[in-house]
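S.K.: Residue numbers (our numbering), protein chains in the order written: chain F, 9 to 296; chain Z, 9 to 296; chain U, 9 to 296; chain X, 9 to 296.
Beta carbons: idealized from backbone N, C-alpha and C, even for Gly.
Keep in mind it's a predicted model, so treat the numbers as computed, not measured.
Structure incoming, see below.
Protein chains: 4
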Amino acid sequence: MTTLSTTAAANPATGTEALLAAVRTGTRVYDLGRRLTIGMPQSPNHPPFWHALPRRHGDAVRADGGSAANDIITMGTHVGTHIDAFSHVSHDGRLLDGTDATTAGRGGRFTDLGAHTIAPMLRRGVLLDVPTALGTPDGCAPGYEITAEDLSTTADQQATPVQPGDVVLIRSGWGRLFGHEDRTRYVGHTTGVPGVGEAGATWLADQGIHAAGADTIAFERLRPGAGHSALPAHRVLLVDRGVYIIETMALEELAADGVHEFLFVLSPLAIFGATGSPVRPLAVVVDE
Amino acid sequence: MTTLSTTAAANPATGTEALLAAVRTGTRVYDLGRRLTIGMPQSPNHPPFWHALPRRHGDAVRADGGSAANDIITMGTHVGTHIDAFSHVSHDGRLLDGTDATTAGRGGRFTDLGAHTIAPMLRRGVLLDVPTALGTPDGCAPGYEITAEDLSTTADQQATPVQPGDVVLIRSGWGRLFGHEDRTRYVGHTTGVPGVGEAGATWLADQGIHAAGADTIAFERLRPGAGHSALPAHRVLLVDRGVYIIETMALEELAADGVHEFLFVLSPLAIFGATGSPVRPLAVVVDE
Amino acid sequence: MTTLSTTAAANPATGTEALLAAVRTGTRVYDLGRRLTIGMPQSPNHPPFWHALPRRHGDAVRADGGSAANDIITMGTHVGTHIDAFSHVSHDGRLLDGTDATTAGRGGRFTDLGAHTIAPMLRRGVLLDVPTALGTPDGCAPGYEITAEDLSTTADQQATPVQPGDVVLIRSGWGRLFGHEDRTRYVGHTTGVPGVGEAGATWLADQGIHAAGADTIAFERLRPGAGHSALPAHRVLLVDRGVYIIETMALEELAADGVHEFLFVLSPLAIFGATGSPVRPLAVVVDE
Amino acid sequence: MTTLSTTAAANPATGTEALLAAVRTGTRVYDLGRRLTIGMPQSPNHPPFWHALPRRHGDAVRADGGSAANDIITMGTHVGTHIDAFSHVSHDGRLLDGTDATTAGRGGRFTDLGAHTIAPMLRRGVLLDVPTALGTPDGCAPGYEITAEDLSTTADQQATPVQPGDVVLIRSGWGRLFGHEDRTRYVGHTTGVPGVGEAGATWLADQGIHAAGADTIAFERLRPGAGHSALPAHRVLLVDRGVYIIETMALEELAADGVHEFLFVLSPLAIFGATGSPVRPLAVVVDE
Numbered sequence: 009m010t011t012l013s014t015t016a017a018a019n020p021a022t023g024t025e026a027l028l029a030a031v032r033t034g035t036r037v038y039d040l041g042r043r044l045t046i047g048m049p050q051s052p053n054h055p056p057f058w059h060a061l062p063r064r065h066g067d068a069v070r071a072d073g074g075s076a077a078n079d080i081i082t083m084g085t086h087v088g089t090h091i092d093a094f095s096h097v098s099h100d101g102r103l104l105d106g107t108d109a110t111t112a113g114r115g116g117r118f119t120d121l122g123a124h125t126i127a128p129m130l131r132r133g134v135l136l137d138v139p140t141a142l143g144t145p146d147g148c149a150p151g152y153e154i155t156a157e158d159l160s161t162t163a164d165q166q167a168t169p170v171q172p173g174d175v176v177l178i179r180s181g182w183g184r185l186f187g188h189e190d191r192t193r194y195v196g197h198t199t200g201v202p203g204v205g206e207a208g209a210t211w212l213a214d215q216g217i218h219a220a221g222a223d224t225i226a227f228e229r230l231r232p233g234a235g236h237s238a239l240p241a242h243r244v245l246l247v248d249r250g251v252y253i254i255e256t257m258a259l260e261e262l263a264a265d266g267v268h269e270f271l272f273v274l275s276p277l278a279i280f281g282a283t284g285s286p287v288r289p290l291a292v293v294v295d296e
Numbered sequence: 009m010t011t012l013s014t015t016a017a018a019n020p021a022t023g024t025e026a027l028l029a030a031v032r033t034g035t036r037v038y039d040l041g042r043r044l045t046i047g048m049p050q051s052p053n054h055p056p057f058w059h060a061l062p063r064r065h066g067d068a069v070r071a072d073g074g075s076a077a078n079d080i081i082t083m084g085t086h087v088g089t090h091i092d093a094f095s096h097v098s099h100d101g102r103l104l105d106g107t108d109a110t111t112a113g114r115g116g117r118f119t120d121l122g123a124h125t126i127a128p129m130l131r132r133g134v135l136l137d138v139p140t141a142l143g144t145p146d147g148c149a150p151g152y153e154i155t156a157e158d159l160s161t162t163a164d165q166q167a168t169p170v171q172p173g174d175v176v177l178i179r180s181g182w183g184r185l186f187g188h189e190d191r192t193r194y195v196g197h198t199t200g201v202p203g204v205g206e207a208g209a210t211w212l213a214d215q216g217i218h219a220a221g222a223d224t225i226a227f228e229r230l231r232p233g234a235g236h237s238a239l240p241a242h243r244v245l246l247v248d249r250g251v252y253i254i255e256t257m258a259l260e261e262l263a264a265d266g267v268h269e270f271l272f273v274l275s276p277l278a279i280f281g282a283t284g285s286p287v288r289p290l291a292v293v294v295d296e
Numbered sequence: 009m010t011t012l013s014t015t016a017a018a019n020p021a022t023g024t025e026a027l028l029a030a031v032r033t034g035t036r037v038y039d040l041g042r043r044l045t046i047g048m049p050q051s052p053n054h055p056p057f058w059h060a061l062p063r064r065h066g067d068a069v070r071a072d073g074g075s076a077a078n079d080i081i082t083m084g085t086h087v088g089t090h091i092d093a094f095s096h097v098s099h100d101g102r103l104l105d106g107t108d109a110t111t112a113g114r115g116g117r118f119t120d121l122g123a124h125t126i127a128p129m130l131r132r133g134v135l136l137d138v139p140t141a142l143g144t145p146d147g148c149a150p151g152y153e154i155t156a157e158d159l160s161t162t163a164d165q166q167a168t169p170v171q172p173g174d175v176v177l178i179r180s181g182w183g184r185l186f187g188h189e190d191r192t193r194y195v196g197h198t199t200g201v202p203g204v205g206e207a208g209a210t211w212l213a214d215q216g217i218h219a220a221g222a223d224t225i226a227f228e229r230l231r232p233g234a235g236h237s238a239l240p241a242h243r244v245l246l247v248d249r250g251v252y253i254i255e256t257m258a259l260e261e262l263a264a265d266g267v268h269e270f271l272f273v274l275s276p277l278a279i280f281g282a283t284g285s286p287v288r289p290l291a292v293v294v295d296e
Numbered sequence: 009m010t011t012l013s014t015t016a017a018a019n020p021a022t023g024t025e026a027l028l029a030a031v032r033t034g035t036r037v038y039d040l041g042r043r044l045t046i047g048m049p050q051s052p053n054h055p056p057f058w059h060a061l062p063r064r065h066g067d068a069v070r071a072d073g074g075s076a077a078n079d080i081i082t083m084g085t086h087v088g089t090h091i092d093a094f095s096h097v098s099h100d101g102r103l104l105d106g107t108d109a110t111t112a113g114r115g116g117r118f119t120d121l122g123a124h125t126i127a128p129m130l131r132r133g134v135l136l137d138v139p140t141a142l143g144t145p146d147g148c149a150p151g152y153e154i155t156a157e158d159l160s161t162t163a164d165q166q167a168t169p170v171q172p173g174d175v176v177l178i179r180s181g182w183g184r185l186f187g188h189e190d191r192t193r194y195v196g197h198t199t200g201v202p203g204v205g206e207a208g209a210t211w212l213a214d215q216g217i218h219a220a221g222a223d224t225i226a227f228e229r230l231r232p233g234a235g236h237s238a239l240p241a242h243r244v245l246l247v248d249r250g251v252y253i254i255e256t257m258a259l260e261e262l263a264a265d266g267v268h269e270f271l272f273v274l275s276p277l278a279i280f281g282a283t284g285s286p287v288r289p290l291a292v293v294v295d296e
């Protein structure tokens, strides 16, 4: 900041003013969240998203001519674009903080590692556009395991080194199937789904990143026919290393524009004790 | 980081780099959202927030020792901290865009003015700490109507003029009752609730602001015993002038720290066709 | 009843006593409802059944050693075994009672024809085991339209004439697919589903029956690939003639035991203003 | 009908025919269930009932002029008129069958003692109209503990001895408050609620009854201000003795008509693994 203020014009903006100036001028905001719609693809392990209007306009009009419509929604927290809290996954009965996972969930809420403990994120974000770096820009093959080398190669080619504290978003290209009329395609049980495996997750954690996201439903690579029977990358990130996971992201637009570095913004709902939260993450860039 | 700062010294950061530099140095993020908990105060007009864990750790452990817990939530979109979409309120049968409100809601979703059409916000935010400016820092009296003059006086005293495109958050002090053990206190049906009325809303709209928020359940002033029988500020902002409303905000910490100007961040869930969305808005400041 | 009491043994039971005597001696109760389980087959048009335990035993133990577990459920009313209220279907904008269907549903509930207006049923029930009568006891072919003649032939062969006020349950044999591991089989979008068409429904209504049930998800015949695009039997029964429809019934056991006449018992939840209710209907027979 | 009565004269109806004859002639059916409406009184411990119409008539009209409306409901299973499964309550960590209560609920469902294991009931029902027998027909005082002697006195006065296998419904008169505009009155936290205590519950169990019901929200007596902090009758009936409990029943009409003995009909939803089910129980009498 000091640098910036020193060099900035006649009347240099500092602090919050500089921040406001930055967002005021030529900011582009990429929406990395999927629309929540009835029937969107999701894992059958979770309560689906559903929505209705209990009241519509005209149902009850007040004396002054006013009327209000409202909603009811019911859903899991791991449907649509969402972030996993550290309470979501345990290994050998333990959570990230070493506590007994069953005890931690007593009462139907995770007091210490629930979704309400996920701090809002304003961090450097890096898109690793793996398929483009690998020469198959349309996307990785179904069930392809993105390797640690793929990740580092991509970062190098893009000249966007991954830094501690970053949020790293891994494009596999699979997001193109989100809107497919056959909703099972995106879930990919039969075909498998591309993504990192244990090695890729370890590499990500080794960079000291804060969170990792992907354009698939389970973040990590799923073998054809295997479903969610083994999720080693979840273990590495959520249980062993303390890296948040964001799933079902919309990354195609970012990739199409070649935006590989940005301000990543995510503000999860503070659902007390939950294992995750639906989110609408943003990538913000400023045109110079 | 090293690279960036080195570069910055010689060649001032611009564009996205400047933005990243700004958030990297001394950023303070204020959480303006309330925790979503079962039993929190809310209007009886809306489906209450409820949460449960369908699966807990230990329910089903995979061969490799992994286990996942998950959630079900059910709620209205006007409970907890939330934003009203323009589809929420109509007047004389019309929505903001002049369309017939009943027709617009056909199919159980508002295609044109639903929550999914609320663009994420990264904007200048201004807190108008009205009770402090009026010399009653603990809060306005129940049922007090915050006037246009109160608003402009507060902006003047704080030296934070309201500008077009801003998000203006109006503190009444009522937020102190959110955690009261008698949950009816915050709802305030008997006592009334302080807030702007028609005149205050008109003043806000006249400044050209983008959104207005408050620390109360209905944003605007409620007369004792009157409940939601008349909501003129909603009409002015949502139907007549196109200004979003954010309700049930947590503004006490911001006020206590004297933070009156900030980067306001809000990214509503893109709930297709809904009349609002739960949100967790943020106020971001950079210490110099 | 007079007849019965006159002829009954030495100390003839009369009135309620006779009824109690009847149920006390050798009563067999057939459960015609499907279990409500997460993931059971259903139409995608309706919110699926979901269930969780917000509180489990051990979550909060009272001083005296007591503990209570409880539930949350979310579902449509047309999933699992259920009955359609007359508010469910309209034709050319009119409901059974001739009222405007849109007006009737204003406020989000049907005051006059909602599920709460379905009187509990204790009536003569007749099972028409169509495939057995047609010589294909395992079931009708997918997409087969059960004709009026099929119905009357079956009633004749079984010597169970259909009488005014009866509840008639039509077995197609399709219920055998309810538990199929491929949950799309029972829904039958691709294959079509057997059932009555317009002519069969008209025949049923002409007999003056009170309600009709079937072992399929939509009661009536669905053409392969057509889904719910046309439901003429629903129109005939619900809109034109005032005959309730019960769907997704379990009829295999009744058929296997050759029980074609019984006391039919159904007590829908009085969900105010709803278009249907989940039910667990019963067939009661007394062994002599 | 003609056939049947003709036959009966010569050859008295037996078995199912007699049952059908009984229900055909002069049957009166009392609805013992409360309507499910948004905002009805209930314990705050349970997810409230909520209902909306995702689709209304006119939302999507098919080519042939047909249109269907449908519902979404969300609720606990211990709201409105409902039955407790034996999985609902444990004592010192044990359920009725002696199993460990926590283990039994693993997986989020009670396989052995869940609501799906409650057999439908067609049994002799007895209404014990306690306040009428005690000379205060409008109802017992708030917080009054109905004693074992009260129960036996009532049965004697009514000449309706309680028999093994019966379902016994205990009227306290408190049901008159169900529709009170102040919804906290029926819940009765401040005032207490009348009902049996441990001794009354033991007397009921000693008679060998199958189920017990009441016109209050918690079946048993609640002390003023004590809420659900101690529920000894629940322990006696659900954990120690295996007697089902039915709550929030509508018993006023039965009492007003002086109907003390009837066929009791109850068919709970077979919600797999749940701790209870909403029900609409019936009392059936035959006029001679």
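With a cut-off of 8 Å, do at least 3 Cβ pairs link the stretch 87 to 97 of chain Z to the stretch 110 to 124 of chain Z?
M.R.: With the cut-off at 8 Å, the stretch 87 to 97 of chain Z and the stretch 110 to 124 of chain Z touch.
S.K.: Mind listing the chain Z neighbours of X:Glu58? Cutoff is C-beta to C-beta under 7 Å, in chain order.
M.R.: Just to set this straight, residue 58 of chain X is Trp in the shown sequence, not Glu. Here the neighbours are Pro55.
S.K.: Can you give me the C-alpha to C-alpha distance between F:Leu230 and U:Ile253, rounded to a whole angstrom?
M.R.: Whole-angstrom Cα-Cα distance: 44 Å.
S.K.: Put Z:His124 into one of helix, strand or coil per three-state DSSP.
M.R.: Helix at Z:His124.
S.K.: Please classify F:Val247: does DSSP put it in a helix, a strand, or coil?
M.R.: The answer is helix: DSSP assigns F:Val247 an H, G or I state.
S.K.: If you follow the alpha helix (DSSP H) that Z:Leu28 is part of, which residue opens it and which one closes it?
M.R.: Segment Gly23 to Arg32, the alpha helix (DSSP H) holding Z:Leu28.
S.K.: Can you pull the DSSP bridge partners for F:Glu153?
M.R.: In DSSP, F:Glu153 forms a bridge with F:Gly203.
S.K.: From Z:Ile217 to Z:Val170, what distance separates their C-alpha atoms?
M.R.: Those two C-alpha atoms are separated by around 8 Å.
S.K.: Would you say U:Phe57 and U:Thr35 are within 9 Å of each other, going by their C-beta atoms?
M.R.: Their beta carbons are not under 9 Å apart, which means U:Phe57 does not touch U:Thr35 by this criterion.
S.K.: Taking 7 Å as the limit between beta carbons, can you name the residues of its chain near U:Asp100, skipping five residues before and five after?
M.R.: Here the set comprises nothing.
S.K.: Can you tell which of U:Leu121, U:Met48, U:Gly173 and U:Ala258 has the C-alpha that lies nearest to the C-alpha of U:Asp137?
M.R.: It is U:Ala258 whose Cα lies nearest to the Cα of U:Asp137.
S.K.: Spatial neighbours of Z:Gly122 within its chain, please: C-beta separation below 8 Å, excluding the five flanking residues on both sides.
M.R.: Answer for Z:Gly122: Ala93, Ser95, Ile279, Phe280, Gly281, Ala282 and Thr283, listed in chain order.
S.K.: Taking the alpha-carbon positions, what's the F:Asp214 to F:Pro202 distance?
M.R.: Rounded to whole angstroms, F:Asp214 to F:Pro202 spans 21 Å at the Cα level.
S.K.: In chain F, which residues lie with their C-beta within 8 Å of the C-beta of U:Thr82?
M.R.: Within 8 Å Cβ-Cβ: Pro55, Trp58 and Thr82.
S.K.: Assign U:Pro286 to one of three DSSP states: helix, strand, or coil.
M.R.: In the structure shown, U:Pro286 sits in a strand (DSSP, three-state: E or B).
S.K.: Pull the bridge partners of Z:Asp58 from the DSSP assignment, please.
M.R.: Before going on, a small fix: residue 58 of chain Z reads as Trp here, not Asp. Paired residues: Z:Thr82.
S.K.: Quick check on F:Gly133: buried or exposed, where buried means 16 or more other Cβ atoms within 10 Å of its Cβ?
M.R.: So F:Gly133 counts as buried.
S.K.: Are the C-beta atoms of X:Arg70 and some chain Z residue less than 9 Å apart?
M.R.: Chain Z contact via Cβ: absent.
S.K.: Rounded to whole angstroms, how far is the Cβ of U:Arg42 from the Cβ of U:Thr256, which I believe are closer than 8 Å?
M.R.: 6 Å between Cβ atoms; contact.
S.K.: In this structure, does DSSP put X:Leu277 in helix, strand or coil?
M.R.: Reduced to three states, the DSSP call for X:Leu277 is coil.
S.K.: Count the other CB atoms, across all protein chains shown, that sit within 10 Å of the CB of X:Gly147; report buried if there are 16 or more and exposed otherwise.
M.R.: Buried, because 16 or more other Cβ atoms sit within 10 Å of the Cβ of X:Gly147.
S.K.: Let me see if you follow: with CB-CB separation under 9 Å, is F:Ser275 close to chain Z or not?
M.R.: Output row for F:Ser275: interface = yes.
S.K.: What number of angstroms, rounded off, separates the C-alpha of F:Asp190 from the C-alpha of F:Leu290?
M.R.: Between F:Asp190 and F:Leu290, the C-alpha separation is close to 27 Å.
S.K.: Quick check: what's the CA-CA separation for U:Ala149 versus X:Gly84?
M.R.: So the two alpha carbons sit approximately 40 Å from each other.
S.K.: Within its chain, find whatever has a CB closer than 7 Å to the CB of X:Val293; leave out the 5 residues flanking it on each side and keep chain order.
M.R.: Excluding sequence neighbours, X:Val293 sits near Arg36, Val267 and Phe270.
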